[in-house]
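In what follows, a single structure is set out as structure tokens and then discussed.
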Amino acid sequence: EPEVTQTPSHQVTQMGQEVILRCVPISNHLYFYWYRQILGQKVEFLVSFYNNEISEKSEIFDDQFSVERPDGSNFTLKIRSTKLEDSAMYFCASSEAGGTRGFYNEQFFGPGTRLTVL
Amino acid sequence: RKEVEQDPGPFNVPEGATVAFNCTYSNSASQSFFWYRQDCRKEPKLLMSVYSSGNEDGRFTAQLNRASQYISLLIRDSKLSDSATYLCVVNDGSGGYQKVTFGTGTKLQVIP
Chain A
50 EPEVTQTPSH QVTQMGQEVI LRCVPISNHL YFYWYRQILG QKVEFLVSFY NNEISEKSEI
110 FDDQFSVERP DGSNFTLKIR STKLEDSAMY FCASSEAGGT RGFYNEQFFG PGTRLTVL
Chain B
390 RKEVEQDPGP FNVPEGATVA FNCTYSNSAS QSFFWYRQDC RKEPKLLMSV YSSGNEDGRF
450 TAQLNRASQY ISLLIRDSKL SDSATYLCVV NDGSGGYQKV TFGTGTKLQV IP
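Chains as they are written, first to last, in this note's numbering: chain A, 50 to 167; chain B, 390 to 501.
This is the structure:
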């Protein structure tokens, strides 16, 4: 069964450093997403990406964050100048399509990258 | 009022019991509703979508009440493997149908 993969599973970094989290979405999917989940809190939407551009983003996704699809398979989340409060689990997800009115395309989540900022 | 609100639990129930979770949402324009399941330190996985007419999948039944803005999940004949956190997820359809809002989840522990 196809699945979303993410690397690394755990990333430890110093405050102020840049990190890149990597994801390989399911191959025939067209929409890609990043979410984060701070320990003990809810899953929060960060950004959705389609056709090589951001289609939607939340207020969390500020200038510190960027996303890229550098080739045909990878989807990355870059966090510049990490802060302590960026420590969280980051989930990548993908879906076949973005959904139309009243119809939701299931988003398949990867196993996550646990980011620890020291 | 939180966008999507759930009782965090935990709900501790014996095997074979029936348990129900509710979730309320604040945006009356919300379009789509779902229940996800999340095991400890794992990714969320779609359990079922919630339709206006209600829907059932084996031991799981989901209901939507638009007038009162809540959705429910009923689990019959609970199994040990049902132990997880159940996430209520809502898509309000604004600006596209990709952005969803998760509740904080309700933790279920099924006891032997």
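Built from N, CA and C at the ideal position, the CB exists for glycine as well. This one's a predicted model, so the numbers in the text were calculated from it and none came from an experiment.
For this session: Give the straight-line distance between the Cα atoms of S467 of chain B and D112 of chain A, rounded to the nearest whole angstrom.
Result: Straight-line measurement puts the Cα of D112 of chain A at about 46 Å from the Cα of S467 of chain B.
Problem set entry | Residue(s) in a DSSP beta bridge with S461 of chain B | In the DSSP secondary-structure assignment, S461 of chain B is bridged to B:N411 and B:Q452.
For this session: Specify the secondary structure class of P476 of chain B as computed by DSSP and reduced to three states.
Result: The residue you asked about is not Pro; residue 476 of chain B is Leu in the sequence shown. In this structure, L476 of chain B counts as strand in the three-state DSSP scheme.
Exercise. At least one CB of chain A closer than 8 Å to the CB of T474 of chain B: is that the case?
Worked result: It does not: the Cβ of T474 of chain B has no partner Cβ on chain A nearer than 8 Å.
Exercise. What residues are listed by DSSP as bridge partners for N101 of chain A?
Worked result: Beta-bridge annotation (DSSP): N101 of chain A is not paired with any residue.
Problem set entry | Sheet register partners of K17 of chain A (DSSP bridge) | In the structure as shown, chain A starts at 50 and stops at 167, and residue 17 of chain A therefore has no counterpart that could be examined.
Problem set entry | Nearest-angstrom Cα separation, counted from V489 of chain B out to R85 of chain A | Rounded to the nearest angstrom, the two C-alpha atoms are 13 Å apart.
Problem set entry | Bridge partner(s) assigned by DSSP for P433 of chain B | The partner list for P433 of chain B (beta bridge, DSSP) reads B:Q427.
Problem set entry | DSSP state of D135 of chain A mapped onto helix, strand, coil | In the structure shown, D135 of chain A sits in a helix (DSSP, three-state: H, G or I).
For this session: Let me know the secondary structure DSSP gives S467 of chain B once reduced to three states.
Result: Looking at S467 of chain B - three-state DSSP - the assignment turns out to be coil, as it is neither helix nor strand.
Problem set entry | 7 Å Cβ shell around D135 of chain A - same chain, five flanking residues per side excluded | Contacts found: I128, L164 and V166.
For this session: Measure from the alpha carbon of E145 of chain A to the alpha carbon of each residue in A:E105, A:L95, A:V68 and A:H78, then state which is nearest.
Result: Comparing Cα positions, the closest option is A:H78.
Exercise. Are the Cβ atoms of Y459 of chain B and N411 of chain B separated by less than 8 Å?
Worked result: At a Cβ-Cβ threshold of 8 Å, Y459 of chain B and N411 of chain B count as neighbours.
Exercise. Does S58 of chain A have its Cβ less than 8 Å from a Cβ in chain B?
Worked result: By this cut-off, S58 of chain A is not an interface position.
Exercise. Are the CB atoms of V172 of chain A and G159 of chain A nearer to each other than 8 Å?
Worked result: Lying before the first or after the last residue shown, residue 172 of chain A is absent from chain A, which here runs from 50 to 167.
Problem set entry | The beta strand (DSSP E) enclosing Q395 of chain B, as first and last residue numbers | Start and end: V393 to Q395.
Problem set entry | Unbroken beta strand (DSSP E) run spanning S115 of chain A, endpoints | Here the beta strand (DSSP E) through S115 of chain A covers F114 to E117.
For this session: Just the C-alpha distance for L462 of chain B and S438 of chain B, rounded to the nearest angstrom, thanks.
Result: The straight-line gap from Cα to Cα measures roughly 11 Å.
Exercise. Just to confirm, does L164 of chain A get its C-beta within under 7 Å of one of the non-hydrogen atoms of the ligand SAH?
Worked result: Absence of the ligand SAH is noted for the structure shown, with no ligands found whatsoever.
Exercise. Using 8 Å as the threshold, is the segment 56–64 of chain A in touch with the segment 112–123 of chain A, meaning 3 or more CB pairs across them?
Worked result: By the Cβ test, the segment 56–64 of chain A is not in contact with the segment 112–123 of chain A, since fewer than three Cβ pairs between them sit closer than 8 Å.
Exercise. Listed in chain order, which residues of the segment 394–410 of chain B have Cβ atoms closer than 7 Å to some Cβ of chain A?
Worked result: If the cut-off is 7 Å between Cβ atoms, the segment 394–410 of chain B has nothing near chain A.
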